[in-house]
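**Q**
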Amino acid sequence: MSDTGARTFEELIAEAEAASVDGWDFSWLDGRATEERPEWRYARLLADRLSRATAALDLQTGGGEVLAEALAGAREAAGGVAGEGARPGPALTVATESWPPNIARATALLHPLGVALVADQDEPPLPFGDAAFDLVVSRHPVRAWWDEIARVLRPGGTYLSQEVGPASVFELVEYFLGPMPPEIRSGRDPDRAMKEAEAAGLDVVDLRTAALRTEFRDIGAVVYFLRKVIWMVPGFTVERYRDQLLELHRRIASDGPFVATTTRFLIEAVKPA
Numbered sequence: 001m002s003d004t005g006a007r008t009f010e011e012l013i014a015e016a017e018a019a020s021v022d023g024w025d026f027s028w029l030d031g032r033a034t035e036e037r038p039e040w041r042y043a044r045l046l047a048d049r050l051s052r053a054t055a056a057l058d059l060q061t062g063g064g065e066v067l068a069e070a071l072a073g074a075r076e077a078a079g080g081v082a083g084e085g086a087r088p089g090p091a092l093t094v095a096t097e098s099w100p101p102n103i104a105r106a107t108a109l110l111h112p113l114g115v116a117l118v119a120d121q122d123e124p125p126l127p128f129g130d131a132a133f134d135l136v137v138s139r140h141p142v143r144a145w146w147d148e149i150a151r152v153l154r155p156g157g158t159y160l161s162q163e164v165g166p167a168s169v170f171e172l173v174e175y176f177l178g179p180m181p182p183e184i185r186s187g188r189d190p191d192r193a194m195k196e197a198e199a200a201g202l203d204v205v206d207l208r209t210a211a212l213r214t215e216f217r218d219i220g221a222v223v224y225f226l227r228k229v230i231w232m233v234p235g236f237t238v239e240r241y242r243d244q245l246l247e248l249h250r251r252i253a254s255d256g257p258f259v260a261t262t263t264r265f266l267i268e269a270v271k272p273a
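For the sequence shown, full-length UniProt numbering begins at 1 and goes up steadily by one.
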């Protein structure tokens, strides 16, 4: 049974529809949904790379939450536990974002940390000069523009990213949309990302994948997730999918959490010196 099983379908739906979905903070789902985390701990890796960088760029930062956490980690590491070459964070840190609600949220969060937020449409060209950064990062980019990443990296610079992998949470997607064609299921392939990075002149030094258990414990969690991650079920509204939502609500109440598989991959590449 879901922890919210005593509440009605309408109550759960209304609460999820009223919740803000700005930014990339999923704390609203605490106790209502769970997702395993990759063993590599991206925020910790990012903090380490930031502690050694002089000029860093975070592409598609969302609400800036992950970058803010990593900058705090970098400064903590530089205070005593980091290795040789650590510093309290880059002298210059810039982030980009395209979605207006996230632009406002990231600006408010990151400006006090000394990070400049640039409104950008997430399409080439990036609004920066050649070899501007020794570190470029991105968590869950919609698309990695490898030629542009290589262009703005300095020789010897590093690109670090955690991306959504193929067919991620497709159990939920296909519940609403039906079976996806093979070319959709095989998209966001990590081996393809590696080949594209290498074609842009970068050397891939790390590539790891993870398949992670994800549970939705009530229908409000499903609605919130689909409102926030808008590309999972394009055009999702409660009204449009009310019958399927009600059926899923009854299924969770009788059988327990709806289980899906989240896929992620980590890729790190270096521009040859």
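Note that beta-carbon positions come from the ideal geometry of N, C-alpha and C, so glycine has one too.
Given this structure, state the Cα-to-Cα distance separating Q121 from Q60, to the nearest angstrom.
**A** The residue given as residue 121 occupies position 121 in the sequence shown. The residue given as residue 60 occupies position 60 in the sequence shown. Cα to Cα, Q121 sits roughly 9 Å from Q60.
**Q** If I follow the unbroken alpha helix (DSSP H) through A70, where does it start and stop?
**A** The residue you call residue 70 lines up with position 70 of the sequence shown. That run of the alpha helix (DSSP H) goes E65 to A78.
**Q** Taking the alpha-carbon positions, what's the R139 to A43 distance?
**A** Taking the sequence shown and counting its residues from 1, the one referred to as residue 139 is at position 139. Taking the sequence shown and counting its residues from 1, the one referred to as residue 43 is at position 43. Their Cα atoms are separated by approximately 9 Å.
**Q** In whole angstroms, what separates the C-alpha of T34 from that of E123?
**A** Start at 1 with the first residue of the sequence shown, and residue 34 comes out as number 34. Start at 1 with the first residue of the sequence shown, and residue 123 comes out as number 123. Using only the alpha carbons, I get a separation of about 32 Å.
**Q** Spell out a yes or no on whether the segment 103-115 and the segment 152-171 are touching, meaning 3 or more CB-CB pairs, one atom from each, closer than 8 Å.
**A** Judged by Cβ distances under 8 Å, the segment 103-115 makes no contact with the segment 152-171, as fewer than three pairs qualify.
**Q** Out of Q244, T93 and R217, point me to the one whose CA is closest to T54's CA.
**A** Here residue 54 refers to the residue found at position 54 of the sequence shown. Nearest C-alpha to T54: T93.
**Q** Taking L202 as the reference, give the member of M232, V136, Q162 and R251 with the closest Cα.
**A** Along the sequence shown, read from residue 1 onward, the residue named residue 202 stands at position 202. The candidate whose alpha carbon is nearest that of L202 is V136.
**Q** Since I believe G73 is in contact with L110 (beta carbons under 8 Å), could you give me their beta-carbon distance rounded to a whole number of angstroms?
**A** Along the sequence shown, one-based indexing puts residue 110 at 110. Along the sequence shown, one-based indexing puts residue 73 at 73. L110 to G73, Cβ: 15 Å. No contact.
**Q** Tell whether a beta-carbon distance below 9 Å holds between residue 281 and A150.
**A** In this structure the chain extends from 1 to 273, so residue 281 is not present and cannot be described.
**Q** Note the first and the last residue of the continuous beta strand (DSSP E) segment covering L266.
**A** For this step, residue 266 is matched to residue 266 along the sequence shown. Counting along the chain, the beta strand (DSSP E) containing L266 begins and ends at F258 to V270.
**Q** Quick one: grab the DSSP three-state call for V136.
**A** In the sequence shown, residue 136 corresponds to position 136, counting from 1. Of the three classes helix, strand and coil, the one that applies to V136 here is strand, per DSSP.
**Q** Less than 9 Å between the beta carbons of S161 and P141, yes or no?
**A** Taking the sequence shown and counting its residues from 1, the one referred to as residue 161 is at position 161. Taking the sequence shown and counting its residues from 1, the one referred to as residue 141 is at position 141. Cβ distance < 9 Å, so S161 and P141 count as in contact.
**Q** P90: buried (16+ other C-beta within 10 angstroms of its C-beta) or exposed?
**A** For this step, residue 90 is matched to residue 90 along the sequence shown. Label assigned to P90: buried.
**Q** Give the single residue among I219, Y224 and G256 whose Cα lies nearest to the Cα of L246.
**A** The residue labelled residue 246 in the question sits at position 246 within the sequence shown. Comparing Cα positions, the closest option is I219.
**Q** Taking the alpha helix (DSSP H) that S254 falls in, what are its first and last residues?
**A** Translated into the one-based positions of the sequence shown, residue 254 becomes position 254. Segment R242 to D255, the alpha helix (DSSP H) holding S254.
**Q** Let me check understanding here. Comparing Cα to Cα, which of D58, V164, R143 and P179 lies closest to L212?
**A** Position 212 of the sequence shown, counting from 1, holds the residue named residue 212. Closest by alpha carbon: V164.
**Q** State the Cα-Cα distance for the pair L266 and A253, rounded to the nearest angstrom.
**A** Numbered from 1 along the sequence shown, position 266 holds the residue referred to as residue 266. Numbered from 1 along the sequence shown, position 253 holds the residue referred to as residue 253. Distance between the alpha carbons of L266 and A253: 35 Å.
**Q** Taking 8 Å as the cut-off, is the beta-carbon of R185 closer than that to any non-hydrogen atom of the ligand SAM?
**A** Questions concerning the ligand SAM fall outside what the structure shown contains, since it holds no ligand whatsoever.
**Q** With respect to the beta strand (DSSP E) encompassing G156, which residues constitute its N-terminal and C-terminal limits?
**A** One-based indexing of the sequence shown puts residue 156 at position 156. Element bounds for G156: L153 to V164.
**Q** For W146, count neighbouring C-beta atoms within 10 Å of its own C-beta (all shown protein chains included) and say buried if the count is 16 or more, exposed if not.
**A** In the sequence shown, counting from the first residue as 1, residue 146 sits at position 146. That one is buried.
**Q** Return the Cβ separation of F236 and L172 in integer angstroms, given the expectation that the two are a contact with Cβ distance under 8 Å.
**A** Locating residue 236 in the sequence shown gives position 236, counting from the first residue. Locating residue 172 in the sequence shown gives position 172, counting from the first residue. The Cβ separation is near 11 Å, so there is no contact.
**Q** Less than 9 Å between the C-beta atoms of D58 and A95, yes or no?
**A** Residue numbering aside, residue 58 sits at position 58 when the sequence shown is read from its first letter. Residue numbering aside, residue 95 sits at position 95 when the sequence shown is read from its first letter. Yes, the pair counts as a contact, with Cβ atoms nearer than the cut-off.
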